[in-house]
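Visitor: Below you will find the structure I want to go over with you.
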Amino acid sequence: MYQVDENGFYGEFGGAYIPEILYRCVHDLQTTYRQVIESEAFQTEFHSLLRDYVGRPSPLYHAKRLSEKYGAKIYLKREDLNHTGAHKINNALGQILLAKHMGKTRIIAETGAGQHGVATATVCALMNLPCIVYMGKVDVERQLPNVKRMEMLGATVVPVTSGNMTLKDACNEAIRDWCSHPDDTFYILGTASGPHPYPDMVARLQSVISAEIKVQLLEKEGRDYPDYLMACIGGGSNAAGTVYHYLNEDRVKFAFAEAAGKGVDSGESAATIHLGTEGIIHGARTLLMQTEDGQIEEPYSISAGLDYPGVGPLFAHLAQQKRAQVLAITDDEAVRAAFELTRLEGIIPALESSHALGALPYMKFRPEDVVVLTLSGRGDKDMDTYLKFSEQK
Numbered sequence: 000m001y002q003v004d005e006n007g008f009y010g011e012f013g014g015a016y017i018p019e020i021l022y023r024c025v026h027d028l029q030t031t032y033r034q035v036i037e038s039e040a041f042q043t044e045f046h047s048l049l050r051d052y053v054g055r056p057s058p059l060y061h062a063k064r065l066s067e068k069y070g071a072k073i074y075l076k077r078e079d080l081n082h083t084g085a086h087k088i089n090n091a092l093g094q095i096l097l098a099k100h101m102g103k104t105r106i107i108a109e110t111g112a113g114q115h116g117v118a119t120a121t122v123c124a125l126m127n128l129p130c131i132v133y134m135g136k137v138d139v140e141r142q143l144p145n146v147k148r149m150e151m152l153g154a155t156v157v158p159v160t161s162g163n164m165t166l167k168d169a170c171n172e173a174i175r176d177w178c179s180h181p182d183d184t185f186y187i188l189g190t191a192s193g194p195h196p197y198p199d200m201v202a203r204l205q206s207v208i209s210a211e212i213k214v215q216l217l218e219k220e221g222r223d224y225p226d227y228l229m230a231c232i233g234g235g236s237n238a239a240g241t242v243y244h245y246l247n248e249d250r251v252k253f254a255f256a257e258a259a260g261k262g263v264d265s266g267e268s269a270a271t272i273h274l275g276t277e278g279i280i281h282g283a284r285t286l287l288m289q290t291e292d293g294q295i296e297e298p299y300s301i302s303a304g305l306d307y308p309g310v311g312p313l314f315a316h317l318a319q320q321k322r323a324q325v326l327a328i329t330d331d332e333a334v335r336a337a338f339e340l341t342r343l344e345g346i347i348p349a350l351e352s353s354h355a356l357g358a359l360p361y362m363k364f365r366p367e368d369v370v371v372l373t374l375s376g377r378g379d380k381d382m383d384t385y386l387k388f389s390e391q392k
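Counting along the sequence shown from 1, when you hit position 40 you're at 39 in numbering that gives the first Met the number 0, and nothing is skipped either side.
Below is the structure:
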């Protein structure tokens, strides 16, 4: 009941609300993606690259000291150990294989924290295709190491100066580019949002995460399901991959963390599920932060990857159906959680993942509970932010 239907909807959320010029592009994707992704040839190449290039399966690590602190058996799904440092490479690899199958010769992408941009630039270098990455000017400045990585990989990074110059605006520019080059261009969208089929396609490509969790838990715990799955959500690609094979498994509870910024009621937040109402953004009906007359409100988060006024339609549906608990985690809580993990386990997480860690104090675990928290990326890109925070404190 939580999977996408034939029209691209999760309940009342989803669909494909697109300009006429993109109709053929999106329709071609809709009619092609399942057939290609499920083919034996695609699966063989995809999983070969995941194994030999990305380094999968990513470890499922029992965080003993973190477990002691929060009174449950907590495992970290170590997506931070993938090639390029995050879960984004799983989706980028799958989509570029699809792009090649469809005969596309030019790749565009949007990025916030830069991890999807790096992943896309990486697979474009691998496949010898040109790459243009749109990134808000604010994010270019706060994620400079990733910008330099993209440029070293041969990508053209285009700073976006419209709006509040963050992820939303990068998405806008990528869509404008796609409208201008519909015939030869493939848009590798980085998260589980946008017009159908992107939310479902990204979830399917990221579902390697939950498939591995099932195998790894069976080995470590003697059962293939946890009591809780936890992840951060913006668009929600790492969370979609984490829960995909458990969507209809009622004994598994979902807890997602969204970015509260300086507080849900502060006016500087990106807590879309807490603050949002139904509307359309970037081609999908979902929950988004908007004024009474439908103008998008500018989001804010210390995390470039969660600084977005919408949420993937799957997560709007899961929240509406009470299938998932959604917690709003502030900047301060996320950064404190990052320092805590670093000191307890010797792992520096990305700011996005730190929001999921920041939800742990709000959970009511039993000692026997098995918890899997997806560590979606590593914190190298966020060192300046962490250091500034520690200096201020």
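We put the beta carbon where it would ideally sit given N, CA and C, even for glycine. Keep in mind that this is a model prediction, so the values were computed, not measured.
(1) Give me the residue from Leu356, Gly116, Thr31 and Glu109 with the minimum Cα distance to Met101.
(2) From Glu211, Pro196 and Ala358, pick the residue whose C-alpha is nearest to that of Met229; which is it?
(3) Tell me whether Tyr307 sits in a helix, a strand or coil according to DSSP, three-state version.
(4) Give the single residue among Pro312, Gly278 and Ala91 whose Cα lies nearest to the Cα of Glu296.
(5) Are the region 180-187 and the region 290-309 touching, with three or more C-beta to C-beta distances below 8 Å?
(6) Please confirm whether Ala327 and His273 have their CB atoms less than 7 Å apart.
(7) At a cut-off of 6 Å, is Ala108 close to the ligand GTP when judged by its beta-carbon and the heavy atoms of the ligand?
(8) Just curious, the alpha helix (DSSP H) that Lys100 is in, first and last residue?
(9) For Ala98, which residues of its own chain have a beta-carbon under 8 Å away from its beta-carbon, when the five flanking residues on both sides are left out?
(10) Answer with buried or exposed for Ser161, where buried requires no fewer than 16 other C-beta atoms within 10 angstroms of its C-beta.
(11) Given a cut-off of 7 Å on the beta-carbon distance, is the pair Lys76 and Thr373 in contact?
(12) What does DSSP give as the partner residues of Phe12 in its beta bridges?
(13) Which first and last residues belong to the beta strand (DSSP E) in which Leu59 is found?
(14) For the beta strand (DSSP E) containing Tyr52, name the first residue and the last one.
(15) Quick one, which of Leu350, Tyr361, Ala303 and Arg365 has its alpha-carbon nearest Asn163's?
(16) For the region 336-354 and the region 111-120, state whether three or more C-beta atom pairs, one from each stretch, are separated by less than 8 Å.
(17) Give the straight-line distance between the Cα atoms of Arg250 and Glu11, rounded to the nearest whole angstrom.
(18) Tell me the rounded alpha-carbon separation between Gln215 and Gly221.
(19) What separation, rounded to the nearest whole angstrom, lies between the Cα atoms of Asp4 and Ser236?
Guide: Judging by the given coordinates:
(1) Thr31
(2) Ala358
(3) coil
(4) Gly278
(5) Taking a cut-off of 8 Å for Cβ pairs, the region 180-187 and the region 290-309 do not touch, as fewer than three such pairs fall below it.
(6) With contacts defined by Cβ atoms closer than 7 Å, Ala327 and His273 form a contacting pair.
(7) As presented, the structure is devoid of all ligands, the ligand GTP included, so that no description of it is given.
(8) It should be pointed out that residue 100 corresponds to His in this sequence rather than to Lys. Taken as a continuous stretch (DSSP letters only), the alpha helix (DSSP H) holding His100 covers Lys87 to His100.
(9) Cβ neighbours of Ala98 within its own chain (closer than 8 Å, five residues either side excluded): Ile106, Leu128, Phe185 and Ile187.
(10) exposed
(11) Contact flag set, yes.
(12) According to DSSP, Phe12 bridges with Tyr9.
(13) Start and end: Leu59 to His61.
(14) Note, Tyr52: premise wrong, no beta strand (DSSP E); not H, not E.
(15) Closest by alpha carbon: Ala303.
(16) yes
(17) 25 Å
(18) 9 Å
(19) Between Asp4 and Ser236, the C-alpha separation is close to 19 Å.
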